[in-house]
Amino acid sequence: QVQLVESGGGLVQPGGSLRLSCVVSGSIFGIYTMGWYRQAPGKQRELVARISGGGAVIVNYAEFAKGRLTITRDNAKNTVYLQLNSLKPEDTAVYYCWQGRAGGYWGLGTQVTVSS
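Using the numbering used here, read the sequence shown as starting at 16 and increasing by one per residue.
Have a look at this one:
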């Protein structure tokens with residue numbers, strides 16, 4: 016059974032930083048694309064960033080993420096990370112981990128709240 020478990024969310028002041036982690040179990044990890052999505056209250060879920068699996072690493076970011084958010088992966092730990100810097104109130108959302116196999120697997124999400 017594939018499981019994706021996110022952690023690292025919380026309450027942070029504007030301008031602050033967080034690092035989200037997502038550990039994957041029950042699945043081969045290194046060959047699949049991994050991603051982070053987010054969903055703010057009253058809005059649709061949207062892509063934050065994706066990182067490819069396999070040999071060459073290809074990373075894609077949403078426009079709002081470029082320069083502030085960084086996705087990385089550690090295949091030895093079956094873990095994908097999202098570093099969030101210079102956080103803004105509009106970054107407040109539930110952040111979901113995604114694995115791109117068989118239509119996609121999702122974690123349950125971790126809440127990020129940016130507020131003073």
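Idealized CB from N, CA, C, for every residue including glycine. Predicted model, so just to flag it, every value in this text is computed and none were measured.
Residue i classed as buried or exposed, judged by whether at least 16 other C-beta atoms fall within 10 angstroms
i             : result
aspartate 106 : buried
alanine 80    : buried
alanine 168   : A query on residue 168 cannot be resolved here, the shown segment of the chain reaching from 16 to 131 and no further.
glutamate 21  : buried
alanine 91    : exposed
glycine 30    : exposed
leucine 138   : The question about residue 138 has no answer, for the chain in this structure spans 16 to 131.
Pairwise C-alpha distance: residue j and residue i
i             : j           : result
glutamine 59  : tyrosine 52 : 10 Å
arginine 88   : serine 36   : 9 Å
arginine 65   : leucine 33  : 18 Å
tyrosine 111  : leucine 97  : 10 Å
serine 67     : glycine 115 : 9 Å
asparagine 93 : serine 131  : 34 Å
asparagine 75 : proline 104 : 23 Å
leucine 102   : arginine 83 : 8 Å
glycine 57    : valine 127  : 15 Å
Limits of the unbroken beta strand (DSSP E) element including residue i
i            : result
tyrosine 47  : Run containing tyrosine 47: none; DSSP gives neither H nor E here.
leucine 102  : Counting along the chain, leucine 102 falls outside any beta strand (DSSP E), and DSSP gives it neither H nor E.
leucine 26   : 25 to 27
glutamate 21 : 18 to 22
alanine 64   : 61 to 66
Proximity of residue i and residue j at Cβ, strictly below 8 Å
i           : j              : result
valine 129  : valine 27      : yes
glycine 45  : glutamine 16   : no
glycine 69  : tryptophan 113 : no
leucine 99  : alanine 77     : no
alanine 108 : alanine 71     : no
Anticipated Cβ contact below 8 Å, residue i with residue j, distance rounded
i             : j          : result
threonine 142 : glycine 23 : A question about residue 142 goes unanswered here, because the residues of the chain that appear run from 16 up to 131.
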